[in-house]
Amino acid sequence: SILRLGALTDDAGMIPLAFGTDDSLLVQWIEGQKTRRPPVLSRADAARIASFMLRERKLFMKKRLVIDCAWLPKWGSSSVGTEEALIAASKQDLMGDINSACSRKTTSLINR
Numbered sequence: 008s009i010l011r012l013g014a015l016t017d018d019a020g021m022i023p024l025a026f027g028t029d030d031s032l033l034v035q036w037i038e039g040q041k042t043r044r045p046p047v048l049s050r051a052d053a054a055r056i057a058s059f060m061l062r063e064r065k066l067f068m069k070k071r072l073v074i075d076c077a078w079l080p081k082w083g084s085s086s087v088g089t090e091e092a093l094i095a096a097s098k099q100d101l102m103g104d105i106n107s108a109c110s111r112k113t114t115s116l117i118n119r
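Everything in the sequence shown is counted per this note's numbering, starting at 8 for the first residue and increasing by one.
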């Protein structure tokens, strides 16, 4: 499996994450935001999702997935450090959101 990240920023992070497959986040971002800039992700959040996927690596092995990851569009740099963003990010069900993004393309790519 491949984890493809949005453009990395030096912001502190702990923002809720969006997941997609095969460039779906990039396409949605460009169409929805009317910009040519890519979706973003802080280096801290990149480390958070990468370490999560390594801990859960058995679920991703031999699946041949390309998983996109960036901040949810509703959150941005101005949300970094806010209590609301921190609570939302800490409560996020990463596995559930990844599974949901992958199952939109093909059913049951990741079984818990």
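Glycine is no exception: its CB is placed at the ideal position from the N, C-alpha and C atoms.
Beta-carbon proximity check, residue i vs residue j, cutoff 9 Å
i: cysteine 76; j: leucine 48; result: yes
i: serine 84; j: threonine 42; result: no
i: phenylalanine 59; j: leucine 101; result: yes
i: tryptophan 78; j: alanine 95; result: no
i: alanine 57; j: aspartate 18; result: no
i: serine 107; j: phenylalanine 26; result: yes
Candidates the options: closest to residue i by CA position
i: arginine 111; options: Arg62, Arg11, Ser31 and Ser8; result: Ser31
i: cysteine 109; options: Trp78, Val73, Trp82 and Ser97; result: Val73
i: glycine 39; options: Leu24, Ala95 and Pro80; result: Pro80
i: alanine 53; options: Gln35, Trp82, Lys41 and Ile22; result: Ile22
i: glycine 103; options: Arg44, Lys70 and Leu24; result: Leu24
i: isoleucine 9; options: Ser107, Leu66, Arg71 and Phe26; result: Arg71
Paired residues, beta bridge with residue i - DSSP
i: alanine 25; result: Ala77
i: arginine 11; result: Asp75
i: serine 49; result: Thr16
Whole-angstrom C-beta distance between residue j and residue i, which should lie under 8 Å
i: valine 87; j: glycine 20; result: 7 Å
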